[in-house]
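Residue numbers (my numbering): 370 to 960.
C-beta: ideal position from N, C-alpha, C; glycine also.
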Ligand SMILES: NC(=O)c1ccc[n+]([C@@H]2O[C@H](COP(=O)([O-])OP(=O)(O)OC[C@H]3O[C@@H](n4cnc5c(N)ncnc54)[C@H](O)[C@@H]3O)[C@@H](O)[C@H]2O)c1
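This is the structure we're talking about:
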């Protein structure tokens, strides 16, 4: 098949347009760049020359390639030149009337077979297409910033776009070394649609003072492996841009979770737009700088010293318990591994030995350190031996009745003044606390799986937790090289409350046939730098576990948008629970 679109016009050569022009020229196509006026055209050309010179300096491009590429690009300010193109890509500012006017003009200038593409992020492609007499040849082509590194391109079809035009543009994208995904015309398309709803929730979480900006950001980086925390990302994107995208999403979805968090409006009104203005959620050294300035110390609250922790008990014998024992033992704490029977405790210790062995084999742990850690762990059947430990972490089954019973038992056995922690991920910590006669000593210590590898611990204080108990756990996290974040005792804490609504949104997107499993996963990985797509993650976590967490979140906040997607319920009912059963959103058995 012939290469599609040998000549491409790019209208608007700003941040995006200049990048697109270079990418297209690199594929050997002729590029006709059009700017608003002669001075803008000169500036645009200078920008293209500078960016390609940087690419040569960084050895991403040879000097010959740069010369060849520049020879293919012409830049002017006469839109009529676009008539020679097979495809026009519009990258002017995000303004509906500006874009509609431009498309009406292009429709008049260009031959009827020319395909017209808009680079809009959040405007309706359909409304832009309606300004022309060829809506079947109008579509969206959404590149990501910076164009030269971001591989994702969303190819957006309206109900009128011809499949042929869309497939040709997808082919062009592949030719540019990009990964095209197909999306329908909806504000935010795939990647931003999922991303901005999550960013909005993070902003609302910060606004409600549930956790600090640093803790929210650290939680999502360390708990989910995201490249940036949500508030730092909002500052990078621009608070004003984020608010505009969310407004557009809300206008279409009427989902309250898309209604921009009030704090976004306040920041915009105050001119605090993020990095570009030197201040947003964070304060930066200067406008445009990425260097965050620490705020005055007055914000850091004075805290009492923690209690002394010399020995630790861990209750349970499963994955989390064993992992948590490993964390403490490796840091040099004597640990009592308390399970329901001596046999279970011994088996858990054997698991631990295997895990340490793997670390030795990978060269991450010396044999001496392995032996030292193992020698610190004493398996015990029952909880009687916990009488003298300074801190107990409970990691038994995620069942409130079971946990409450355990806390009642611990209350009778463990010495006064010891800290009692639960690692529950979805049950209220306060319900564990009230099963004891010392709720002030009870706290949540939410580790992530696998505990030895995951740096994050959510430290969950209830309304009754004593301040020195919180301090004890924060200090302990430091000693075992974990990154603690503090939050209150509500469903999902920080990570799950932000992660699972996003996963649920992805399921809903699939259920609505808006995009495919593969396209949604690709969009989040390539468009947002996520380590896994939402469906990959759901299959790993388990659909049943995910459904439970979503139900808990919905029950807690009663937000209609948090109701679990019916498709998730159906898959769970059908026994498709993800990797563990061989089938979830993908069929793993056949691979
Ligand atoms: N910046 C991003 O991160 C990003 C990412 C994806 C998509 N987008 C979308 O891409 C589009 C372009 O955004 P940008 O960030 O490159 O904006 P920008 O402001 O950097 O560039 C816009 C350019 O268009 C020119 N322009 C204005 N009116 C024009 C006209 N009538 N004819 C020709 N040129 C004209 C301007 O001189 C300017 O150089 C927008 O729709 C935006 O939403 C932006």
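Other residues of its chain near residue i: CB distance less than 6 Å, five sequence neighbours each side excluded
i           : result
residue 541 : 373 and 374
residue 804 : 773, 776 and 777
residue 547 : 520 and 522
residue 553 : 883
residue 465 : 492
Check: residue i C-beta below 7 Å from any heavy atom of ligand 1
i           : result
residue 596 : no
residue 432 : no
residue 489 : yes
residue 546 : no
residue 643 : no
residue 852 : no
residue 924 : no
residue 385 : yes
residue 382 : yes
residue 549 : no
residue 635 : no
residue 467 : yes
residue 511 : yes
residue 514 : yes
residue 413 : yes
residue 631 : no
Neighbourhood of residue i by C-beta, 7 Å cutoff - its chain only, sequence neighbours within 5 removed
i           : result
residue 868 : 593
residue 474 : 448
residue 932 : 923
Assigned secondary structure, residue i (DSSP; H/G/I helix, E/B strand, else coil)
i           : result
residue 830 : strand
residue 418 : helix
residue 966 : Here the chain has residues from 370 to 960 only, and residue 966 is not among them.
residue 530 : coil
residue 575 : helix
residue 472 : helix
residue 812 : strand
residue 660 : coil
residue 883 : coil
residue 957 : coil
residue 862 : coil
residue 877 : helix
residue 783 : coil
residue 651 : coil
residue 310 : Limits of the chain in this structure are 370 at one end and 960 at the other, which puts residue 310 out of reach.
Span of the beta strand (DSSP E) around residue i
i           : result
residue 853 : 852-857
residue 748 : 746-750
residue 910 : Counting along the chain, residue 910 falls outside any beta strand (DSSP E), though it belongs to the alpha helix (DSSP H) covering 903-910.
residue 391 : First-last for residue 391: 384-395, but that is the alpha helix (DSSP H), not the beta strand (DSSP E).
Under 8 Å between C-beta atoms of residue i and residue j
i           : j           : result
residue 896 : residue 392 : no
residue 500 : residue 526 : no
residue 598 : residue 609 : no
residue 705 : residue 788 : no
residue 445 : residue 410 : yes
residue 376 : residue 398 : yes
residue 755 : residue 703 : no
residue 684 : residue 579 : no
residue 459 : residue 483 : no
residue 861 : residue 761 : no
residue 582 : residue 563 : no
residue 572 : residue 863 : no
residue 799 : residue 831 : yes
residue 989 : residue 549 : This structure leaves residue 989 out entirely; the chain is present only between 370 and 960.
residue 694 : residue 721 : yes
residue 935 : residue 880 : yes
residue 463 : residue 489 : yes
residue 612 : residue 631 : no
Residue i, enclosing alpha helix (DSSP H) - first and last residue
i           : result
residue 935 : 935-942
residue 897 : 886-897
residue 593 : 582-593
residue 549 : No alpha helix (DSSP H) holds residue 549; the beta strand (DSSP E) holding it covers 548-553.
residue 801 : 798-802
residue 846 : 836-848
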